[in-house]
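Listed in order, the protein sequences are those of chains A and B. Residue numbers are given in our numbering: position 139 of the first sequence equals residue 1420, and the series is strictly consecutive. Residue numbers are given in our numbering: position 130 of the second sequence equals residue 1401, and the series is strictly consecutive. To start, the structure itself, in structure tokens.
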Amino acid sequence: MRIEFDFLAVLAQWPLLLHGVAWTLGLTAVSALLGVGLGVACAWARSQGPRWLRWVVGAYVELIRNTPFIVQLFFVFFGLPAAGVKLTPETAAVIAMVVNLGAYAAEIVRAGIDATPRGQFEAAASLALNRAQTFIHVVLPPALRKVWPALTSQIIIVMLGSAVCGQISTEELSYAANLIQSRNFRAFEAYIIATGIYLLLAIGVRGLLNWFGPRFIFGGRRG
Amino acid sequence: MVDFTLWDILRNLLLAARWTVALSLIAFVGGGLVGLGLLVARIARWPGAERFVAGYVQLFQGTPLLMQLFLAYFGLALFGVDTSPWVSAALALTLYTSAFLCEIWRGCVAAVPRGQWEAAQSLALNFSEQLRHVVLPQATRIAIAPTVGFLVQVIKGTALASVIGFVELTKAGTMITNATFQPFLVYSCVALMYFLLCFPVSLTARALERKLHDRR
């Protein structure tokens, strides 16, 4: 038995692959921004909010962390329209990714907030900062610095998870691979190449976030 | 025309949940065995093993599980193996699990103080004795909580097997939706079932972790 591979037949469709990569990166960027924002808000609510809010956020976090992403995605894309909310595949994908990342990011950021020494709160109080100022200027930056590697990993997990969004016809990378293999029947080659691109994206995004965080999110080498 | 009551939906989902559980167990046990093999190869410092395992882990952690499932599905077919969704899903999930467990356990072995190895060596134990009687028992204690926690990831991972046609909870949900046109209700039930499967495991992992920290 001889197996012949024809990777060129797949690579010849490079505009499709490029389009897919752009969508994957775009979805990831938007979801990372909104998801981490949601996570920070939830982490604040869980560590300093009123009791009922802590309970609501706790339920949200547990619900999301204990169900598969694909079910969350199907619920948003197929379930919500039945309840009267019509969504395009792209919007549904972003909503599912943001809600998913938000729950994980909330737990990660909360761990960073819990690690804030008591003295920091006392120092902020002695400077007459109010609660919001204390949180934004004193508590959050070092908390984010501590948990940045974990947050980076979670963003990459969400990016890799976004491959599932092709199932609701979001035109991201796995969708492109699927389209190519349906045109030239080179399924194995198409998925090998897509997988290789995902691996490069994961490595690239990790490098980018490691560089980006210290410069723009929590500033320099202070503390 | 057959009418689906809520009980019909739940009953069919419960039946399908068996396969989610079965696939999770296969992947977890198989992945554990492969992962243990990789771990031993790595800490025994077999020539080339360290780099191979590092590459293996990077490969499976840095690519989507969905792509791994597709590659197992279409790849096995290339080698003339008759691909059933069962075999492909079990294979892909086992390899995926092995990479994560190997990495988790490596951290646990590294957490055993260096002096324990040296003490075992000074008792003239050879490598496998050091590992079996001194290092692994201590590493296992640390490893239990994160390993149980990872089981949740495996259960959730099996949902992707629905995409290659493996009829488990998620696929059953899709099929029932196609028959009942009640996606909101059906996917809520599906999510609830995953939650009922995963949440007790998450709680157990958390309790184990707390116990370990208390003991120290």
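The C-beta atom is built at its ideal place from N, Cα and C for all residues, glycine as well.
Would you list, in chain order, the members of the region 1462 to 1480 of chain A that have their beta-carbon closer than 7 Å to a beta-carbon of chain B?
Ala-1468, Phe-1469, Tyr-1472, Ile-1473, Ala-1475, Thr-1476, Tyr-1479, Leu-1480
Does the Cβ-Cβ distance between Leu-1336(B) and Tyr-1367(B) come in under 8 Å?
The residue labelled residue 1336(B) in the question sits at position 65 within the second sequence. The residue labelled residue 1367(B) in the question sits at position 96 within the second sequence. Closer than 8 Å, so yes.
So for Val-1286(A), helix, strand or coil by DSSP?
Walking along the first sequence from the start, residue 1286(A) turns up at place 5. Before going further, note that residue 1286(A) is Phe rather than Val in the sequence given. In this structure, Phe-1286(A) counts as coil in the three-state DSSP scheme.
Decide if Ile-1435(B) is buried, meaning its Cβ has at least 16 other Cβ atoms within 10 Å, or exposed.
Here residue 1435(B) refers to the residue found at position 164 when the second sequence is read from its first residue. Residue environment: Ile-1435(B) is assigned as buried (16 or more neighbouring CB atoms within 10 Å of its CB, all protein chains considered).
Taking the CB atoms as reference points, tell me whether Ala-1416(B) and Val-1380(B) lie closer together than 8 Å.
Residue mapping note: residue 1416(B) aligns to position 145 of the second sequence, counting from 1. Residue mapping note: residue 1380(B) aligns to position 109 of the second sequence, counting from 1. In this structure, Val-1380(B) does not lie closer than 8 Å to Ala-1416(B) by Cβ.
In the DSSP assignment, the alpha helix (DSSP H) including Asn-1397(B) goes from what residue to what residue?
Start at 1 with the first residue of the second sequence, and residue 1397(B) comes out as number 126. Note, Asn-1397(B): premise wrong, no alpha helix (DSSP H); not H, not E.
Which residues in the same chain have their Cβ closer than 8 Å to the Cβ of Ala-1390(B), if we skip the five residues on either side of it in sequence?
Start at 1 with the first residue of the second sequence, and residue 1390(B) comes out as number 119. So the qualifying residues of the chain are Val-1405.
Quick one: which chain A residues come within Cβ less than 8 Å of Pro-1384(B)?
Counting from 1 along the second sequence, the entry for residue 1384(B) is found at position 113. The premise fails here: Pro-1384(B) is roughly 24 Å from chain A at the closest Cβ pair, so nothing lies under 8 Å.
For a contact defined as C-beta to C-beta under 7 Å, what are the partners of Leu-1344(A) on chain B?
Looking up residue 1344(A) in the first sequence gives position 63. Simply Phe-1466.
Since Ser-1455(A) and Ala-1468(A) are thought to touch, with beta carbons under 8 Å apart, how far apart are those beta carbons, to the nearest angstrom?
Taking the first residue of the first sequence as 1, we reach residue 1455(A) at position 174. Taking the first residue of the first sequence as 1, we reach residue 1468(A) at position 187. Contact doesn't hold; Cβ gap of about 12 Å is too wide.
Report the option in Ala-1414(B), Leu-1349(B), Ser-1359(B) whose CA atom is closest to the CA atom of Leu-1294(B).
Locating residue 1294(B) in the second sequence gives position 23, where the first residue counts as 1. With distances taken between Cα atoms, Leu-1294(B) lies closest to Ser-1359(B).
For Pro-1317(A), which option in Leu-1482(A), Gly-1400(A), Val-1380(A), Phe-1358(A) has the closest C-alpha, if you only look at C-alpha atoms?
Residue 1317(A) sits at position 36 when you count from the first residue of the first sequence. Position check: residue 1317(A) holds Val in this sequence, whereas Pro was assumed. Of Leu-1482(A), Gly-1400(A), Val-1380(A), Phe-1358(A), the residue nearest in Cα terms is Val-1380(A).
Throw me the rounded Cβ distance for the Met-1378(A) and Leu-1308(A) pair, which I believe falls under 8 Å.
Your numbering for residue 1378(A) matches position 97 in the first sequence. Your numbering for residue 1308(A) matches position 27 in the first sequence. That belief holds up - the Cβ atoms of Met-1378(A) and Leu-1308(A) are roughly 6 Å apart, short of 8 Å.
Three Cβ pairs or more, each shorter than 8 Å: is that satisfied between the region 1389 to 1396 of chain A and the region 1414 to 1434 of chain A?
yes
Just by C-beta distance, which residues in the region 1346 to 1380 of chain A are closer than 8 Å to chain B?
Arg-1346, Asn-1347, Thr-1348, Pro-1349, Phe-1350, Ile-1351, Val-1352, Gln-1353, Phe-1355, Phe-1356, Phe-1359, Gly-1360, Leu-1361, Pro-1362, Ala-1363, Ala-1364
Which of the three DSSP states is assigned to Ser-1450(A) in this structure?
Counting from 1 along the first sequence, the entry for residue 1450(A) is found at position 169. Reduced to three states, the DSSP call for Ser-1450(A) is coil.
If I'm right that Trp-1290(B) touches Val-1438(B) with Cβ under 8 Å, what's the distance once you round it to whole angstroms?
Your numbering for residue 1290(B) matches position 19 in the second sequence. Your numbering for residue 1438(B) matches position 167 in the second sequence. With 8 Å as the limit, Trp-1290(B) and Val-1438(B) qualify as a contact, their Cβ atoms being about 6 Å apart.
For Leu-1349(B), I'd like the list of residues in its chain whose CB is within less than 8 Å of its CB, leaving aside the five on either flank, ordered along the chain.
Taking the second sequence and counting its residues from 1, the one referred to as residue 1349(B) is at position 78. Answer for Leu-1349(B): no residue qualifies.
Is the CB of Ser-1328(A) under 8 Å away from at least one CB in chain B?
Taking the first residue of the first sequence as position 1, residue 1328(A) is located at position 47. False, the Cβ-Cβ gap to chain B never drops below 8 Å.
Could you name the residues of chain A that Phe-1470(B) contacts, counting a contact when the two beta carbons are closer than 7 Å?
Against the second sequence, residue 1470(B) aligns to sequence position 199. By Cβ distance, chain A contributes Glu-1343, Asn-1347.
Taking all protein chains shown into account, do 16 or more other C-beta atoms lie within 10 angstroms of the C-beta of Arg-1313(B), making it buried, or fewer, making it exposed?
On the second sequence, residue 1313(B) is found 42 positions in, with the first residue counted as 1. Per the 10 Å Cβ criterion, buried.
For Thr-1369(A), count neighbouring C-beta atoms within 10 Å of its own C-beta (all shown protein chains included) and say buried if the count is 16 or more, exposed if not.
One-based indexing of the first sequence puts residue 1369(A) at position 88. The residue in question, Thr-1369(A), is exposed, as its Cβ has fewer than 16 Cβ neighbours within 10 Å.
Is there a Cβ from chain B that is less than 8 Å from the Cβ of Gly-1307(A)?
Taking the first residue of the first sequence as position 1, residue 1307(A) is located at position 26. No, Gly-1307(A) does not count as interfacial toward chain B.
Over what stretch of residues does the alpha helix (DSSP H) that includes Gln-1329(A) continue unbroken?
Sequence index remark: in the first sequence, residue 1329(A) carries index 48 (1-based). Taken as a continuous stretch (DSSP letters only), the alpha helix (DSSP H) holding Gln-1329(A) covers 1295 to 1329.
Three-state secondary structure (DSSP) at Arg-1503(A)?
Numbered from its first residue, the first sequence carries residue 1503(A) at position 222. Here the model assigns Arg-1503(A) a pLDDT of 49, short of 50, so the residue's position is not dependable and the matter cannot be decided.
Using the three-state DSSP reduction, which class does Arg-1481(B) fall into: helix, strand or coil?
For the purposes of this step, residue 1481(B) is identified with residue 210 of the second sequence, where counting begins at 1. Residue state, collapsed to three classes: helix.
What residues in the region 1288 to 1303 of chain A have a beta carbon less than 8 Å from any beta carbon of chain B?
none
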